[in-house]
Every structure is written in structure tokens, then in C-alpha cells.
DNA sequence: GATTTTATTACCTCC
DNA sequence: GGAGGTCCATAAAATC
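Residue numbers (the UniProt record's numbering): 1 to 480.
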């Protein structure tokens, strides 16, 4: 399981250097930009985005200190099963004492252990307002749209939804982080527009859209991870706890109450996706290395299950809203699979259903009702799987060749089963109708200056759609 | 068969 | 307005 990262230590070090330079350059560029703007007062080139993240000059990215390279055990010639235990050891080591000892010998930002949000924070102003907002959101459950009666409200809004009335207002655009966004998420609360993104450098950015209407821009930048953020998970019942995973093998929990990014899990292998069951806040499900699938239980404090579900990396994990024992995975091995967690054979895992594509599959998401599955593959199709036992598969053509600079497209569901949203290479958002099996509409706007490639639909506000780009921008589409 | 190299793509910054 | 730099994605081609 804990198998091949194809990187040698040398390569890893090289890439780490590249990334370090990137971070530094990004920060420096922002500084020069800021001074330039304040010096030359008015009209010049029109800037596309007014709102943008800012980096504090005192808190320059901590990139000059030596980096601890996490070597895969495989590259050290150790048996893979040993590394599984090693991963747990790392978690155990991650006490403040251990972290401190590590800091003294090697003042690296990649210390294992809790990272205070103050240390991770890269912004200019105070982040107090954000913490209060997050806590406020989590204390105020979704009063208007309780889970039970919410169904009806959402259903009504979905029935009335007209794609033509979705619009992108200039004030709903912001550059939330530097570089490429890999993940975007709304905080699950009906009366807030709080967006979280994770980028390639390991930054986590917040955009409080409402507060950005005032003089404050409402953007907050943190740097809790050393590498690309592969997953963000926030539970409906507990939105002050934000889990993030990264390619370098770490999972951290941002706890707004304690104001820390706690280290939850650490491994020598890459973590490619992260998910939680909708009804369980204590467990994490994530993919590791080539085809590995892990199940981490907070009550036990370790991984109680490790399966090898795929031949290659697992790009997404999603749970069925109707029955949370049913899970969908997508993999670079060219398949998407549906599993019943209660009946997975450890030695020879057999899926309930396998959807075959001709190339890597980037995502597989269940529809809001749980009765359909949408897959997105590099073979230029979006698969729609329906039927009582997911027996019906139709492949809809869609150009998914994003190339090197743009993150792969991943088709997501809207607020009911009627629409699937996916980015296109012409700076638009294609809307696919699963019923008609074709693209029926494209969201376009002169304000979208880049290709939106990763999306999230607001869980309670029908029509509110966030699209994120490879340049750190977020576009929030709204109704009217 | 396993590993390495190469072509592809769009964004941002600077001039 | 246009040139140059990007550089952890992926698959095909080339090489070992």
C-alpha cells in the first residue's frame, strides 16, 4: 500500500527548492505591486481584480530555513507494510515537545505538531474577524434550512432555478491565494458566504464575501502545509473544524476555537484526496500513494483500516447522501468504483460497480439525491451513471484536456439532480443535463479572465456557485 | 516491463 | 500589446 512515490530524494529536494522560490517570488511580487500601486495613484492599466490577498512584510514566507525532506521508506528500501506503522509513529511523535526539539536542531516550518494559526497566518491585518466569523457560523446552525425542512426549501428553489439568471458580479471576484487553486469549498452555513481554498504551495485562503463589501477585503491567507493541498473537508454539524490534506502526506485540522492547525496524520506517501461521511465527524477517509485508501478514526487515534482499492492514485472520494456506507472513488487507473464499506474484502476488494474510462478518472461524485454518479475523465467524457444498481452509464463528450497549467476539470452536481457543472477551456462553465445527456448551457462572463477549473456549489444557497482558477482567483456566481 | 523524456496547455508579470 | 517564464499533469514515445 504505502508504495511508490516515483520521486527520488534528489528530485524531491529539487522540487522543494522550486516551490520555495515560487513562494518567495509570489510574496516579493505582491510587495512591489503594492508599492507601485500606492505610488502611482490613478488610472493606468485596468486591473481585472480589485480584491486580492496581501502578504505581511514582517512575516515573509519562511522559506529560507533548511527543509526536512520526508523520504519515502520505499526509496530507502524498506518494506511497505513497515511504513504504515511508521506513519503512525510520526503522529505519535507530533507532540509539542517533539516539535520543539525538532525546531531547535532545525528551525524548519515543516515542524510536526500543532501549528498556531498566528504562525501560519501570512496576512497584513488581524485575522480575529475571520475566527469570529467561523465560530459564529458554526454556532448558528442552518436555521432557515434545517436538514429536515431544508429539503423542501432547496427543492423549491431548484425548481425555480433558471440558468440564465445566474450572474457573476465584479464584486464577487477575488484573488484569494497566489498560484494554482486545487480545492474550493463553501463553509456549510445558509447565511454566510465564506469560501475556503487550498493552493499548490500549501496555502489555505479564506474569503469572507460579505465582509469584503466593506473597506476590509475579507481575504485571509495561511500557510499550514508545505505542499499542494489535495483536499478540504468541513462537516455540516461542525464547521469550525476544517480538515486539509496535502501531497506531502500531512492532514491538519484547523480549529477556529483553539486557533491552531493541529497535525492529525502524517505519512511518507502522498495524500491525494480527503473526505468525510456526512453523518460522522470523527472519521477521515483519504487516499494515499498508489491506490491506497485509509480510514482514520479520531477515537482510536490511528488508521483502523488500510485498503488497496485501485491500481493508481485515487483522485476523489465521495459518500452517498442516502446511505453513507456507499462510497465512490475515482482513480488514475482509468476506473471509478462504487463500494459498500461494510463488505470490502481486504485481500481482494470488489466494488459494487466499476465504471471504465479510457484514461485517468479525475472525479466521481454522487448526485444530491444519491441516485446518480457523475464521473470526469481525461478521455474527454463526463460519465453519468444512473439506475437502481447504477446499471445505466452514459458518456457525454466534453473536452477535458486542461494541459499542464490548469488543474483537471471535475464535474460537480448543482443543488439537485438536474444539472452538472464543469469548466471549459474557453473560460466558461458548461452545464450538463444528465437527463438530456448533453451540454445545455454555458455560463460566460467578461469578468472571467481565466479558466475556472475547480468548483463548489453552496450547500444551502441555490444558485451560488464558486469557481476557482489556476491564478488564485475565485468567481462566485449568484442568482441575479 | 520499467523507467525516463517529451509535448501539450494558459496564466501572470514585465517591458 | 506582446514576449518570456512557468515546471508535482498526463500520456505517448523513447530508452534502458
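Beta carbons: idealized from backbone N, C-alpha and C, even for Gly. Bear in mind the structure is a predicted one, so any value in this text is a computation, not a measurement.
Can you tell me whether residue i is helix, strand or coil according to DSSP?
i: residue 164; result: helix
i: residue 63; result: Summary for residue 63: the model assigns pLDDT 31, below 50, so the residue's position carries little reliability; its value from the coordinates is reported in the next sentence. In the structure shown, residue 63 sits in coil (DSSP, three-state: anything other than H, G, I, E or B).
i: residue 193; result: coil
i: residue 172; result: helix
i: residue 159; result: helix
i: residue 341; result: helix
i: residue 348; result: coil
i: residue 154; result: helix
i: residue 211; result: helix
i: residue 448; result: coil
i: residue 300; result: coil
i: residue 404; result: coil
i: residue 243; result: strand
i: residue 397; result: strand
i: residue 200; result: coil
i: residue 53; result: coil
Which same chain residues end up closer than 6 Å to residue i when comparing Cβ atoms and leaving out the 5 residues on each side of it in sequence?
i: residue 367; result: 413, 417
i: residue 377; result: 357, 359, 361
i: residue 386; result: 372, 392
i: residue 285; result: 275, 295, 317
The alpha helix (DSSP H) spanning residue i covers which residue range?
i: residue 136; result: 128 to 139
i: residue 118; result: 117 to 120
Quick check on this structure: which residue in the options has the alpha carbon closest to the alpha carbon of residue i?
i: residue 217; options: 154, 168, 125; result: 125
i: residue 362; options: 130, 471, 328; result: 328
i: residue 334; options: 312, 319, 322; result: 312
i: residue 431; options: 406, 450, 465; result: 465
i: residue 193; options: 55, 287, 457; result: 457
i: residue 113; options: 341, 287, 315, 263; result: 263
i: residue 440; options: 229, 231, 478, 162; result: 162
i: residue 267; options: 248, 387, 137; result: 248
i: residue 471; options: 225, 451, 154; result: 451
i: residue 344; options: 135, 330, 306; result: 306
i: residue 224; options: 210, 209, 208, 197; result: 197
i: residue 184; options: 326, 288, 206, 421; result: 206
i: residue 331; options: 340, 318, 322; result: 318
i: residue 180; options: 404, 437, 433; result: 404
i: residue 316; options: 254, 409, 402; result: 409
i: residue 336; options: 346, 382, 155; result: 382
i: residue 157; options: 127, 415, 172; result: 415
What residue does the beta strand (DSSP E) around residue i start on, and which one ends it?
i: residue 375; result: 373 to 377
i: residue 460; result: No beta strand (DSSP E) contains residue 460, which DSSP labels as neither H nor E.
i: residue 425; result: Counting along the chain, residue 425 falls outside any beta strand (DSSP E), and DSSP gives it neither H nor E.
i: residue 261; result: 260 to 266
i: residue 294; result: 292 to 297
i: residue 442; result: 438 to 443
i: residue 311; result: Where residue 311 is concerned, there is no enclosing beta strand (DSSP E), given that its DSSP letter is neither H nor E.
i: residue 284; result: 283 to 288
i: residue 383; result: 381 to 386
i: residue 220; result: 219 to 222
i: residue 474; result: 473 to 479
i: residue 322; result: First-last for residue 322: undefined, no H or E at that position.
i: residue 469; result: 465 to 469
Which residues in the same chain as residue i place their Cβ atom closer than 8 Å to its Cβ, once the five residues preceding and following it in sequence are excluded?
i: residue 238; result: 138, 281
i: residue 324; result: 277, 278, 279, 280
i: residue 166; result: 443, 463, 465, 477, 478, 479
i: residue 270; result: 5, 230, 247, 248, 249, 288, 289, 313
i: residue 428; result: 442, 443, 444, 448
i: residue 339; result: 309, 326, 327, 328, 329, 349, 351, 352
Going along the chain, which residues of its own chain have a beta-carbon closer than 7 Å to the beta-carbon of residue i, five neighbours each way excluded?
i: residue 170; result: 447
| task | Specify whether the stretch 270 to 281 and the stretch 237 to 251 touch according to this definition: at least 3 beta carbon pairs, one from each stretch, less than 8 Å apart. | result | yes
| task | Specify whether the stretch 278 to 290 and the stretch 256 to 263 touch according to this definition: at least 3 beta carbon pairs, one from each stretch, less than 8 Å apart. | result | no
| said: So, does the stretch 343 to 351 touch the stretch 393 to 409, judging by three or more C-beta pairs under 8 Å? | reply: no
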